[in-house]
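Take a look at the structure below.
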Amino acid sequence: MADVPAEAAARNRELHPDLRTQLLAQKTDLIGELAGAISNEFNNLMMAVTSYAELELKKAPPAERRSLEQVLSNSARAASLIQKLLAFSRTRVSSQDPLHLNCVVTETTELLRQLVGEQIEIVLSLEPQLQRIKADRAELEELMMLMAIHGRDAMAGCGKLSITTQSVDLDQATIGANEAVTPGKYVMLSVRDSGTSPAGPRRGSNPGAKGQDFRISLALAAINRVVQEARGLMRISSEPDEGTQFIMYFPALAGGARETEGAFAHKSSIASRTILVVEDDDAVRVPAVEFLKMEGFKVLQAKTGPEAINIAVHKRSPLDLLITDIVMPAMSGREVAKELLEMHPGLRVLYMSGDAGEAAVADSQSQDDVLQKPFRLDKLNEKIRTLLGE
């Protein structure tokens, strides 16, 4: 006769791994939902902190600027940390935006120094007046951290990490026959470590291929994915006792403002432009409105969708731009945009979002018309002028 309890126990052992997998998946989903809810509220709070700090920075005498700059710097670090938490807990929507590469490098360097430790020297060699590139800033920061971690491990915690930016012209011979990029002007980002890199890739190796170290292979695949999403090109060079060099080429934006140029030199040309800001959080809306007025725009504001519609109905002159949060009580930002576009067909729309999931844009809008909170007010200004053709 069969041992029924023994058979039941055997079946339970067989089912146990599947049950554990299901429970783990459910737990991961819950963590993702929780992280999303926390990040949305946190991003609104950080948006308020950075916005008021920026407003004070514009008014502050030189002696007080250093403290406010530290507030902004640490706020950016805090926002970056919450974005990384969200990225690990659930799928993040990629957002390709025009970027100044040198700014991203310099603002990420302090975090890299903490990541690699005091025994590793980070040396920057950044070419001035670089043209802008189009990439996802969060992914670009993650890419730099992955390369820094690779270098730290290869150097055993002691050595030099050299980060270089440069304008280059790539021809077809340099690109090669099997790459999906075209010849032209590119901005190069190079990260070189002085380690031995025993497990690193050999010259000419496939960045996504399996290596002796699975973690390194995953990092290389992630780096390559970020570069490919930006329609760029990656090269890796690694030799014994010479370290590893990651070289990434990003297409330079044609006609883009260079990093040292005054991007907003023509305030008078936008004095007649009217912007409607719709945001239910006073701590986000009020400083944004004040900033835009300081920049010379005519600004209207509303706390809810119905209030925004009422303002538009009673306004005789046309609206040029709607800036609205996506998720609001009563009416969503997308519903507000739909109503206002019927009244003002030439209206441009810029969405704000505290949640990366919400940044998957609305029907007729592209991801170029979404700002992920928290963002710097200067970036808002830059985005507005791009949308208005300034």
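So for the sequence shown, the working numbering puts the first residue at 16; every next one is plus one.
Using N, Cα and C, we set each Cβ at its ideal position, and we do this for glycine too.
Quick caveat, the model's predicted, so the values are computed rather than measured.
Item                                                                                                           : Value
Status (buried if at least 16 other CB within 10 Å, exposed otherwise) for GLU69                               : buried
Residue from GLU350, GLN111, ARG400, PHE306 whose Cα sits closest to the Cα of ALA150                          : GLN111
Start-to-end residues for the alpha helix (DSSP H) that takes in GLY348                                        : 348-358
Sequence-distant residues of the same chain with beta carbon closer than 6 Å to LEU336, five excluded per side : ILE290, ARG363
Three-state secondary structure (DSSP) of GLY174                                                               : strand
Simplified DSSP assignment, three categories, for GLN146                                                       : coil
GLY320 (DSSP reduced to helix, strand or coil)                                                                 : helix
Distance between VAL131 and LEU392 (C-alpha atoms, nearest Å)                                                  : 31 Å
Minimum C-alpha distance to CYS173 - residue among GLY258, CYS118, VAL196, LEU235                              : GLY258
Expected contact under 8 Å - CB spacing of LEU116 and ALA237 to nearest Å                                      : Rounded, the Cβ-Cβ distance is 19 Å, inconsistent with contact.
Span separating the alpha-carbon of ARG81 from that of ILE399                                                  : 28 Å
C-alpha gap between VAL293 and GLY311, whole angstroms                                                         : 19 Å
GLY215 to ILE135 span [Cα, whole Å]                                                                            : Here GLY215 scores only 45 on pLDDT, less than 50, and its place in the model should not be relied on; the value that follows carries that caveat. One C-alpha to the other measures close to 19 Å.
Alpha carbon of ILE148 to alpha carbon of VAL242, nearest angstrom                                             : 11 Å
Burial state of LYS388, where buried means 16 or more other Cβ atoms lie within 10 Å                           : buried
Cβ shell of ARG250 (< 6 Å), same chain only, five flanking positions each side left out                        : ILE262
N-terminal and C-terminal residue of the beta strand (DSSP E) that ASP186 is part of                           : Per DSSP, ASP186 belongs to no beta strand (DSSP E) and is neither H nor E.
Extent of the continuous beta strand (DSSP E) run through GLY191                                               : Run containing GLY191: none; DSSP gives neither H nor E here.
ARG250, enclosing beta strand (DSSP E) - first and last residue                                                : 248-254
According to DSSP, residues forming a beta bridge with ILE53                                                   : DSSP lists no partner for ILE53.
Length of the line joining the Cα atoms of GLN85 and ASP384                                                    : 29 Å
Straight-line gap, GLU254 to LYS175 (C-alpha atoms, nearest Å)                                                 : 16 Å
Straight-line gap, ALA327 to PRO360 (C-alpha atoms, nearest Å)                                                 : 13 Å
Beta-ladder partner(s) of VAL119, from DSSP                                                                    : VAL119 is not bridged to any residue.
6 Å CB neighbourhood of VAL304 in its chain, flanking five on each side removed                                : VAL292, VAL314, GLN316
Straight-line gap, SER140 to MET203 (C-alpha atoms, nearest Å)                                                 : 12 Å
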